[in-house]
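Structure first, commentary second.
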Amino acid sequence: MTQTYAVSQAVESLSLVEEKFNLVQSLDEAFFVEWFDGLPALTDAEKATLDHYKQRFLAHRRRGDLSEGTVDRLLVSPLLDLAGLYESRFGIDSETSVEVRAVDDDELYRGRIDVLVIEHQFWVLVVEEKATRIDIETAIPQALTYMAATQHPARSLFGLVTNGNNFAFLKLQQRQQKEYAISDTFSLRSRQNTLYEVLQVLKQIRDRLVTFPTQ
Numbered sequence: 013m014t015q016t017y018a019v020s021q022a023v024e025s026l027s028l029v030e031e032k033f034n035l036v037q038s039l040d041e042a043f044f045v046e047w048f049d050g051l052p053a054l055t056d057a058e059k060a061t062l063d064h065y066k067q068r069f070l071a072h073r074r075r076g077d078l079s080e081g082t083v084d085r086l087l088v089s090p091l092l093d094l095a096g097l098y099e100s101r102f103g104i105d106s107e108t109s110v111e112v113r114a115v116d117d118d119e120l121y122r123g124r125i126d127v128l129v130i131e132h133q134f135w136v137l138v139v140e141e142k143a144t145r146i147d148i149e150t151a152i153p154q155a156l157t158y159m160a161a162t163q164h165p166a167r168s169l170f171g172l173v174t175n176g177n178n179f180a181f182l183k184l185q186q187r188q189q190k191e192y193a194i195s196d197t198f199s200l201r202s203r204q205n206t207l208y209e210v211l212q213v214l215k216q217i218r219d220r221l222v223t224f225p226t227q
């Protein structure tokens, strides 16, 4: 008999994700170059906008913890828009229901993707958001579980996880088997505005989809 679990409650570690969904973490630096190599330049106007986003977020954060919805409105949605991922060539779904069956086939994991960016029926970007009080490490295995549900594993699928304070990117792709990699963490507490890099990576993901649609 199939046992059903909620992703948000049952998936708590990378080791569980690897075991249940037959994923392996890639040690090949060339596997996930999109987050650091050849990032597109930003305009002065984009940098000014990102400076405003950072200052605004930190001002709200000083008053206390922020909910997942507030993190979305202050940072995630504005960043996706600025990156061009809200343009009409992409489809946008929120709270998308997902079911992922474990390798042993007697366990089913269910959850909802916070934001899903789609192009021509292909998943492009899975976004997992958390409230500021929740560690970003909690979001990573959950996002990978959702990404494991992709119907086109040979095509590169990217993830973005954030609690507002920190951001990290993920990549999943089938080679000999399903492999994943995780970027460095970008912290808004850094002296430099790391939202610059976050936006550059988002634009890189968007642009590589145009140039290399089957990767």
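The numbering used here numbers the first residue of the sequence shown as 13 and each following residue consecutively. C-beta atoms are modelled at their ideal positions from N, C-alpha and C, and glycine is treated no differently.
Find the nearest neighbour of residue i within the set the options, judged by alpha-carbon distance.
i: E119; options: R218, V29, I217 and R85; result: V29
i: L128; options: D49, E191, E141 and D117; result: E141
i: L87; options: I217, H72 and S100; result: H72
i: A53; options: E209, R122 and R68; result: E209
i: M13; options: F181, R113 and L51; result: R113
i: L26; options: K215, L200, E191 and A57; result: E191
i: S109; options: Q189, A18, A22 and V213; result: A18
i: R201; options: R220, G176 and D219; result: G176
i: E24; options: I146, F181, F43 and S199; result: I146
i: F181; options: R122, R68, E46 and T150; result: E46
Just to confirm, are residue i and residue j a CB contact at a threshold of 8 Å?
i: L97; j: L211; result: no
i: I148; j: I194; result: no
i: K66; j: L156; result: no
i: L137; j: L172; result: yes
i: T144; j: L78; result: yes
i: T174; j: V83; result: yes
i: R167; j: F134; result: yes
i: Q154; j: N34; result: no
i: Q216; j: L51; result: yes
By the three-class DSSP mapping on this structure, what secondary structure does residue i have?
i: R113; result: strand
i: Q21; result: helix
i: Y121; result: strand
i: V29; result: helix
i: P225; result: Note that P225 has pLDDT 44, beneath the 50 cutoff, so the model's placement of it is unreliable and the number below is only indicative. P225 falls in the coil class under three-state DSSP.
i: N34; result: coil
i: G76; result: coil
i: L86; result: helix
i: Y158; result: helix
i: K190; result: strand
i: I104; result: strand
i: E99; result: coil
i: V213; result: helix
i: T14; result: coil
i: K66; result: helix
i: K142; result: coil
i: E131; result: strand
i: L39; result: coil
Segment contact, 8 Å Cβ cut-off, at least three pairs: the stretch 98-111 with the stretch 129-137: yes
Any chance the stretch 178-198 sits against the stretch 28-42, with 3 or more Cβ pairs inside 8 Å? Enough Cβ pairs lie closer than 8 Å, so yes.
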